[in-house]
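J.: Take the sequence shown: its letters are residues 1 to 305, numbered as in the working numbering.
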Amino acid sequence: MGGESRPTHWRLTAAVVLLGVAALRPGLPGDEVDTTAANLNVYFVVDTTSSIIAEDWGDEQPRVAGVRRDIDAIAAALPGARYSVVTFDQSTRVRLPLTTDTTALASVTETLLPEPTEYSRGSSVTEANDRLRTLLEQASQRTPDRGRVVYYLGDGEQTAQGEPPPFTIPAGLVNGGAVLGYGTTEGGRMKATRARFESSGEYIQDPATGEDARSVISESTLRTIADQLGVGYLHREAGADIGPAVDGIDLARYGSSTEIEARKVRSRHELYWPLLLGVGAIAVWEAGAGLAALAQTRRRKEVSP
Numbered sequence: 001m002g003g004e005s006r007p008t009h010w011r012l013t014a015a016v017v018l019l020g021v022a023a024l025r026p027g028l029p030g031d032e033v034d035t036t037a038a039n040l041n042v043y044f045v046v047d048t049t050s051s052i053i054a055e056d057w058g059d060e061q062p063r064v065a066g067v068r069r070d071i072d073a074i075a076a077a078l079p080g081a082r083y084s085v086v087t088f089d090q091s092t093r094v095r096l097p098l099t100t101d102t103t104a105l106a107s108v109t110e111t112l113l114p115e116p117t118e119y120s121r122g123s124s125v126t127e128a129n130d131r132l133r134t135l136l137e138q139a140s141q142r143t144p145d146r147g148r149v150v151y152y153l154g155d156g157e158q159t160a161q162g163e164p165p166p167f168t169i170p171a172g173l174v175n176g177g178a179v180l181g182y183g184t185t186e187g188g189r190m191k192a193t194r195a196r197f198e199s200s201g202e203y204i205q206d207p208a209t210g211e212d213a214r215s216v217i218s219e220s221t222l223r224t225i226a227d228q229l230g231v232g233y234l235h236r237e238a239g240a241d242i243g244p245a246v247d248g249i250d251l252a253r254y255g256s257s258t259e260i261e262a263r264k265v266r267s268r269h270e271l272y273w274p275l276l277l278g279v280g281a282i283a284v285w286e287a288g289a290g291l292a293a294l295a296q297t298r299r300r301k302e303v304s305p
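Dropping the structure here:
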């Protein structure tokens, strides 16, 4: 082996050794980390009538912007729970069955849009009662040890004729949550939406006046719904903390001490990445050495007769 190749030989040998050790994922024990998979089912019941895009949230944003923000914040505050999204307008739909997949939850939340304006015929603020009751009853039968938390997000505006029928959820099926209200007493205008859920750019008109229609929050209706569900009511505003909506929900409450302890794992301080940095440094060194050797060879050829 020549003098010039010996350093290269040792560097390549070192790289192979470092890679082999890194593959073993060496590490040191760290602190105990709580990876609680909350023993909770969280149901988001969302009003997706035209009023959900009334522009009186924050700086004249549609109300749905606040709904999206709050759903994301609640999910972050209740990590590891199973989440479901139920929407209602003229009918009720389960947009997301119970899942721990927060990416799926975020995707559904991001695509929350109202029914097409041309199909809107008025709806009841308690339209979701039957479907929600069925979901809660099924969950109670299948996993009775799991808590069931309900968040109703809407403006309380009843557009169907007559008084809304009450929510008839049996006592004990709802273990917490809140009714979250969006909108103002001044109201907000709403842009019309087409069948493909695209905004037409034109505002919905009030047929009685010929002027832009305005959706106004009904906090009295929302408080009534909260009483029927057995939860509190909160009026939501842009920038408000989500804390009051999740206060009182104890993640540990819905699991045995054995289950909770089992969710705690010992963290590790990984040591493989410094080894990979060493391999990278050797690779850069060898690349530089190779380029230098190539340049030297070319110079020799240029000066040779």
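Beta carbons: idealized from backbone N, C-alpha and C, even for Gly.
1) Is the Cβ-Cβ distance between residue 126 and residue 166 less than 8 angstroms?
2) Would you check if the stretch 68-78 and the stretch 212-229 touch, i.e. whether three or more CB-CB distances between them fall below 8 angstroms?
3) Taking 8 angstroms as the threshold (C-beta atoms), are residue 74 and residue 217 in contact?
4) Shorter than 7 angstroms, the distance from the beta carbon of residue 128 to the closest heavy atom of the ligand PLP, or not?
5) How do the stretch 19-26 and the stretch 77-88 stand: do at least 3 beta-carbon pairs fall below 8 angstroms, yes or no?
6) How is residue 111 classed by DSSP in three states: helix, strand or coil?
7) Does the beta-carbon distance from residue 100 to residue 82 come in below 8 angstroms?
8) Quickly, what does DSSP pair residue 347 with across the bridge? List them, please.
9) Note the first and the last residue of the continuous beta strand (DSSP E) segment covering residue 96.
10) Roughly how far, in whole angstroms, is the beta-carbon of residue 282 from the beta-carbon of residue 11, given that I think they are within contact range, below 8 angstroms?
11) Thinking just about the alpha-carbon of each residue, which of 114, 104, 136 is nearest to the one in residue 41?
12) Among 221, 224, 86, which has the Cα closest to the Cα of residue 47?
13) Label residue 162 either buried or exposed according to how many other C-beta atoms from any shown protein chain fall within 10 Å of its C-beta, with 16 as the threshold for buried.
14) Where DSSP assigns a beta bridge to residue 205, which residues make up the other side?
15) How would you label residue 222, buried or exposed, when you count the other beta carbons within 10 angstroms and need 16 or more for buried?
T.: So, from the listed chains and residues:
1) As a working mapping, residue 126 is identified with position 126 in the sequence shown. As a working mapping, residue 166 is identified with position 166 in the sequence shown. Result yes, Cβ atoms of residue 126 and residue 166 sit closer than 8 angstroms.
2) no
3) In the sequence shown, residue 217 corresponds to position 217, counting from 1. In the sequence shown, residue 74 corresponds to position 74, counting from 1. The answer is no: Cβ separation not under 8 angstroms.
4) Judged by which ligands are present, the structure shown has none, so any question about the ligand PLP falls away.
5) no
6) Start at 1 with the first residue of the sequence shown, and residue 111 comes out as number 111. Coil, per DSSP.
7) Within the sequence shown, numbered from 1, the residue matching residue 100 stands at position 100. Within the sequence shown, numbered from 1, the residue matching residue 82 stands at position 82. Taking 8 angstroms as the Cβ cut-off, residue 100 and residue 82 qualify as a contacting pair.
8) Look at the range of the chain in this structure, 1 to 305, and you will see that residue 347 is not part of it.
9) Within the sequence shown, numbered from 1, the residue matching residue 96 stands at position 96. Counting along the chain, the beta strand (DSSP E) containing residue 96 begins and ends at 92-99.
10) Against the sequence shown, residue 282 aligns to sequence position 282. Against the sequence shown, residue 11 aligns to sequence position 11. Rounded, the Cβ-Cβ distance is 5 angstroms, consistent with contact.
11) Residue mapping note: residue 41 aligns to position 41 of the sequence shown, counting from 1. Residue 41 has its Cα closest to that of 136, out of 114, 104, 136.
12) Taking the first residue of the sequence shown as position 1, residue 47 is located at position 47. It is 86.
13) Mapped onto the sequence shown, residue 162 falls at position 162. So residue 162 counts as exposed.
14) As a working note, residue 205 is residue 205 in the sequence shown. In the DSSP output, where bridge partners are listed per residue, residue 205 has 212.
15) Here residue 222 is taken as the residue at index 222 of the sequence shown, counted from 1. That one is buried.
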